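Residue numbers (my numbering): 5 to 134.
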């Protein structure tokens, strides 16, 4: 919805894994570059995206506005699912359950695997054009 509101065309999928469904099985593993909406290169290709570090932080929203903070991912830097808690497959906002998130300011593995806050925490998502 945010991509459409920002005037972005195409299909987008969330960089979001559950224990049963890793993002690597759901998104297109592109051979071309992964870039932010302003053209900043994040990774040269899928292999570069999941090698443990990225070229630039993913810190812009769909409209190109700078954002900082934690992002729900449920995903390890390899694209595999985090096998800890996943907010009941990201269907609950319970304070007693946790899920994995990344740091939008990071370029090391913490861009996608940083901390595990309570599922009641309101965080954004990374989305990848297919």
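Note that beta-carbon positions come from the ideal geometry of N, C-alpha and C, so glycine has one too. If you're wondering where the values come from, they're calculated on a predicted model, not measured in any experiment.
Item to complete: Spell out a yes or no on whether the segment 90-105 and the segment 40-59 are touching, meaning 3 or more CB-CB pairs, one atom from each, closer than 8 Å.
Response: Taking a cut-off of 8 Å for Cβ pairs, the segment 90-105 and the segment 40-59 do not touch, as fewer than three such pairs fall below it.
Checklist line | Cβ-Cβ distance between residue 104 and residue 78 below 7 Å | finding: By the CB criterion at 7 Å, residue 104 and residue 78 fall inside the cutoff.
Who are the near neighbours of residue 35 in its chain, counting only those whose CB is closer than 8 Å to its CB and skipping five residues on each side? 49, 50, listed in sequence order.
Any idea which residues DSSP pairs residue 45 with across the strands?
DSSP, once it has assigned bridges, lists 39 as partnering residue 45.
Check this for me: beta carbons of residue 131 and residue 101, under 7 Å apart or not? Their beta carbons are not under 7 Å apart, which means residue 131 does not touch residue 101 by this criterion.
Taking only three categories from DSSP, how would you classify residue 51?
Collapsing the DSSP output to three states places residue 51 in a helix.
Does the distance between the C-beta of residue 97 and the nearest non-hydrogen atom of the ligand NAD fall short of 6 Å? This structure lacks the ligand NAD, and indeed carries no ligand of any kind.
| Around the Cβ of residue 119, are there at least 16 other Cβ atoms within 10 angstroms (buried) or fewer (exposed)? | Counting Cβ neighbours within 10 Å, residue 119 comes out exposed, since fewer than 16 surround it.
Given residue 22, which residues of its chain have a CB within under 7 Å of its CB, disregarding the five upstream and five downstream residues?
So the list reads 78, 85, 90, 93, 94, once near-sequence residues are dropped.
#### Entry: Own chain residues within Cβ distance below 8 Å of residue 71, not counting five before or after
Annotation for residue 71: 63, 64, 65, 108, 128 place their beta carbon closer than 8 Å to its own, counting only its chain and skipping 5 residues before and after.
- Item | Cβ shell of residue 24 (< 8 Å), same chain only, five flanking positions each side left out | The residues are 85, 93.
Close-in-space but distant-in-sequence residues of the same chain around residue 113 (CB under 6 Å, 5 per side omitted): Around residue 113: 56, 81.
Excluding the 5 residues flanking residue 97 on each side, which residues of the same chain have their C-beta closer than 6 Å to its C-beta?
So the qualifying residues of the chain are 123, 124.
Quiz prompt | Alpha carbon of residue 12 to alpha carbon of residue 106, nearest angstrom | solution = If I take the Cα positions, the gap works out to 24 Å.
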